[in-house]
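Here is the structure we will look at.
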Amino acid sequence: MTTATAPAPPLSGRDAYRDELTRLAAEDPAIVCLEADLGGKGHPFQAAHPDRFFNLGIAEGAMIDMAAGLAVAGYKPFVSTFAPFAALRAAESLKLTLGYLAAGVTVVAPYAGVSGAWFGTTHHCLEDLAVLRSIPGVAVAAPYGEQETRAVVRAAAASGQPHYIRTGRNAGYRSLPTEGTELPPVTWEFHGEPGASCLVSVGEEGTRLALEARALRPELAHAHLGYLDHVHLAASAAELAAGHRRFTVIEEHRQEGGAAEALALLLPGCEVVGVNAGHGWPTQGGDHHEVLGQLGLDLPAVLAALPPR
1 MTTATAPAPP LSGRDAYRDE LTRLAAEDPA IVCLEADLGG KGHPFQAAHP
51 DRFFNLGIAE GAMIDMAAGL AVAGYKPFVS TFAPFAALRA AESLKLTLGY
101 LAAGVTVVAP YAGVSGAWFG TTHHCLEDLA VLRSIPGVAV AAPYGEQETR
151 AVVRAAAASG QPHYIRTGRN AGYRSLPTEG TELPPVTWEF HGEPGASCLV
201 SVGEEGTRLA LEARALRPEL AHAHLGYLDH VHLAASAAEL AAGHRRFTVI
251 EEHRQEGGAA EALALLLPGC EVVGVNAGHG WPTQGGDHHE VLGQLGLDLP
301 AVLAALPPR
């Protein structure tokens, strides 16, 4: 009698990125990997392709500038550092490299939101979507789960266009099922009845909370958005509006500059309610979910924002 083997637990977003990029680089010699002292001693890309791995230390702006030069020279640079140091500390370099030059650089930003938790406010980033969404021409992605992360990394490598990919820290999730190997503008976990209120989830924690809410309110529709830049959101908005009129958008981000605010502008005939990290600052330590709770982004907040049954 054979014993079924349990599936391996999913990789976190940052580990899925490293593994997928290492695989892609085996077939594409143009791919190079730059890190700002995040790789540690066991970075798979460094082990497999040491001549194409560069650790720039805590010099994030210089890392983005170097990636711009590599892109102009015909390479496909992927750079990674903590989200606050990519989107905020290196914001000027991002604007010039990804926006003005439209260089084919992909920025992968783990520790987004408050996934850094105990690291404190210096290592939290609830403003990155606002910054990157305001730079024209950048594909902005917040994948949920290992398979979505891999799909977004593959798409970035194939496109040669500027990308910003935000992930959490260590949480591993199984992606929602989709058809094909590409990440669509909208992934429907549940379509619901026409006109039903619809949950719209963004990123890892937004999607986790939406799935928890749906377990308690199974009549709700649930649409997950993997891409958050204006071009992708415009396509997503059209698809959302085809079947629903009230949306509750859940995202680990500030109210300003997030997906809910963008969708409200794109869906003027609909009601859009946002559940987000608000305007507070965590004043105590804790794990990721505890810090989210301090900011008012938890399951009770989601349920309170929903219409009555």
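If you read the sequence shown in UniProt numbering, its first letter stands for residue 1, the second for the next number, and so on.
Glycine included, every Cβ here is placed at the ideal spot set by N, Cα and C.
Secondary structure of Ala-259 (DSSP, three-state): helix. The three-state reading of DSSP puts Ile-64 in helix, counting H, G and I together.
In its chain, beyond the 5 residues on either side, Cys-270 have a beta carbon closer than 6 Å to the beta carbon of Arg-245.
Of the residues Leu-126, Ser-201, Ala-16 and Ser-197, the one whose Cα lies closest to the Cα of Pro-185 is Ser-201. Arg-166 sits in a strand when the DSSP states are folded into three classes.
In the three-state reduction of the DSSP assignment, Lys-41 falls in the coil class. As summarised for the region 56-107, the continuous beta strand (DSSP E) elements at least 3 residues long and confined to that stretch are 76-80, given in chain order. Secondary-structure assignment with DSSP links Ala-139 through a beta bridge to His-163. Judged by DSSP in its simplified three-state form, Ala-157 adopts helix. For Leu-199, the enclosing beta strand (DSSP E) covers residues 198-202. With contacts defined by Cβ atoms closer than 9 Å, Ala-210 and His-222 form a contacting pair.
Boundaries cannot be given for Arg-52, as no beta strand (DSSP E) includes it and DSSP labels it neither H nor E.
In the pairwise beta carbon analysis, the region 79-93 is classified as not touching the region 42-52: fewer than three pairs are separated by under 8 Å. Non-local beta-carbon contacts of Ala-234 in its own chain, meaning distances under 8 Å to residues more than five positions away in sequence, involve Leu-266 in chain order. Counting other Cβ atoms within 10 Å of its Cβ, Ala-304 stays below 16 and is therefore classed as exposed. Tyr-227 has Ala-141 as its beta-bridge partners, per DSSP. The bridge partners DSSP lists for Arg-246 are Glu-271. Distance from the CA of Val-108 to the CA of Thr-187, rounded to the nearest whole angstrom, comes to 22 Å. Looking at the DSSP output, Glu-35 bridges to Asn-55 and Ser-80. DSSP places Glu-189 in the uninterrupted beta strand (DSSP E) bounded by 186-190. When the Cα atoms are used, Arg-169 and Ala-16 turn out to be separated by approximately 11 Å.
Shown here, Ser-175 sits in coil according to DSSP, grouped into three states, outside any helix or strand. A Cβ-Cβ separation of about 14 Å leaves Val-249 out of contact with Ala-241 under the 8 Å criterion. Per DSSP, reduced to three states, the secondary structure at Ala-6 is coil, with no helix or strand assignment. With contacts defined as CB atoms closer than 9 Å, Ser-12 and Ala-171 qualify as a contacting pair.
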